[in-house]
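Just so you know, my numbering puts 50 at position 50 of the sequence shown, and the rest follows in order with no gaps.
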Amino acid sequence: MEKCLMSLFSCLLLFSLFSATVGATAVNTQYLEEIQSIQDNLIKNLEQADVDNTKEANQAINSFFSK
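Okay, structure coming up:
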């Protein structure tokens with residue numbers, strides 16, 4: 001009886017770990033896509049700003065994030 005309960009408990013534990021991993025993957029993918037979009041837009045903004053030095057790049061970045 002005790003062996004059966006331990007097996008059942010082990011299966012439930014493994015299932016809960018698998019469920020948490022699968023559920024978290026979808027959320028992380030959403031955030032990764034959003035981050036990628038922000039990065040792409042920032043790069044486009046920097047290309048359009050045609051910065052020549054670090055100070056101008058920082059100003060362009062600050063302007064981008066203030067919008």
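Just so you know, even glycine gets a beta-carbon here, dropped at the ideal spot from N, CA and C.
Keep in mind the model is a prediction, meaning the values are calculated, not measured.
- According to the DSSP assignment, Lys55 belongs to the alpha helix (DSSP H) that extends over Thr54 to Ser66.
- Collapsing the DSSP output to three states places Asp40 in a helix.
- Leaving aside the five residues that flank Glu34 on each side, none in its chain has a CB nearer than 8 angstroms to its CB.
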